[in-house]
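Engineer: Below is the structure I would like to discuss, written out as structure tokens.
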Amino acid sequence: MAAILAKKLGMTQLFLEDGRVERVTVLEAGPCPVTAKRTADRDGYDAVQLAFGATKEKHLSKPELGHLKKAGVGPHRHLVEFRDVAVEAEVGQSVTVEAFEAGQKVKVAGTSKGKGFQGTVKRHGFGRGPVTHGSHNTRAPGSIGAAAYPARVFKGLRGPGRMGGERVTQPGLEIVRIDADENLLILRGSVPGPRNGLVEVRTDA
């Protein structure tokens, strides 16, 4: 299983050689230096830690700078561990988009766009109430509880609340094209998060 960190640049369309139009998302993936490797014998699990997003030293703490310096890597903004990932690169070397191939299926994880506090119609797709005869419950959720028994609202009821801003994993996305010179991954479909958001890309094994 290959993995890499990427920045979502946005969506566009791509004309293929057979004339078809693909709706695609463009990701700026890597290069991601390997900053640590975890082993079952020493750490209790197998994982590889990748860095992404070169930045200035003043934006990092001294422990973070020391960790990166020990790995022989410059200052990077993001550090993410990937479990059960086979990476040939050693600590200090980089993982690039060349670890993937066009036609591969990948899954992309990221933080979805925050929508703020939303009602049941937008958040859960509830239908609206009547809009005539003086009705005042057009977008109201309706009755939510019982009577004297159980005299409470059951946990897990779908109600209003904060929407979005959660970790979302989108599986089954196909790599349409790879641009190794520009470090670009072009995927069919949409991925979670806003433009310039950090996403994690893994082969969908």
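Using the working numbering, you'd call the opening residue of the sequence shown number -1 and step up by one each time.
By construction, the Cβ of each residue, glycine as well, lies at the ideal position given by its N, Cα and C atoms.
These numbers were taken from a predicted model, which means no experiment stands behind them.
#1: May I have a chain-ordered list of the beta strand (DSSP E) segments no shorter than 3 residues that lie completely inside the region 63 to 111?
#2: Check whether the region 104 to 116 and the region 191 to 199 are in contact - that is, three or more C-beta pairs closer than 8 Å.
#3: Leaving aside the five residues before and after Gly51 along the sequence, list all residues of the same chain whose C-beta is less than 7 Å from its C-beta, in chain order.
#4: With a 10 Å radius around its C-beta and 16 neighbouring C-beta atoms as the bar for buried, classify Ile184 as buried or exposed.
#5: Taking only the alpha-carbon atoms, compute the straight-line gap between Arg21 and Arg40 and give it to the nearest angstrom.
#6: Determine the closest residue to Val166 out of Phe124, Pro128, Glu198, with distance taken between C-alpha atoms.
#7: So what's Val119 in DSSP terms, helix, strand or just coil?
#8: Among Arg175, Gly101, Leu182, which one has its Cα closest to the Cα of Ile2?
#9: Using a threshold of 9 Å, state whether the C-beta atoms of Gln116 and Gly154 are closer than that.
#10: If I measure Cβ to Cβ from Thr94 and keep anything under 6 Å in the same chain, skipping five residues before and after, which residues do I get?
#11: My output table needs one value for Arg36: the three-state DSSP class, helix, strand or coil.
#12: Buried or exposed for Val71, please, with buried defined as at least 16 other CB atoms from any protein chain shown within 10 angstroms of its CB.
#13: In chain order, what residues of the same chain lie with their CB nearer than 7 Å to the CB of Gln168, ignoring the 5 residues before and after it?
#14: Taking DSSP as the reference, what is the three-state secondary structure of Pro61?
#15: Can you grab the Cα-Cα spacing for the pair Asp44 / Ala84, in whole Å?
Structural biologist: From the atom records:
#1: Listed in chain order, the beta strand (DSSP E) elements of length 3 or more contained wholly in the region 63 to 111 are 74 to 81, 103 to 109.
#2: yes
#3: Excluding positions up to five away in sequence, the list reads His74, Arg75, His76.
#4: buried
#5: Roughly 45 Å separates the two Cα atoms.
#6: Glu198
#7: helix
#8: Leu182
#9: Going by C-beta atoms, Gln116 is not nearer than 9 Å to Gly154.
#10: Gly28, Pro29
#11: strand
#12: buried
#13: Lys105, Val106, Val189, Pro190
#14: Three-state DSSP puts Pro61 in a helix.
#15: 9 Å
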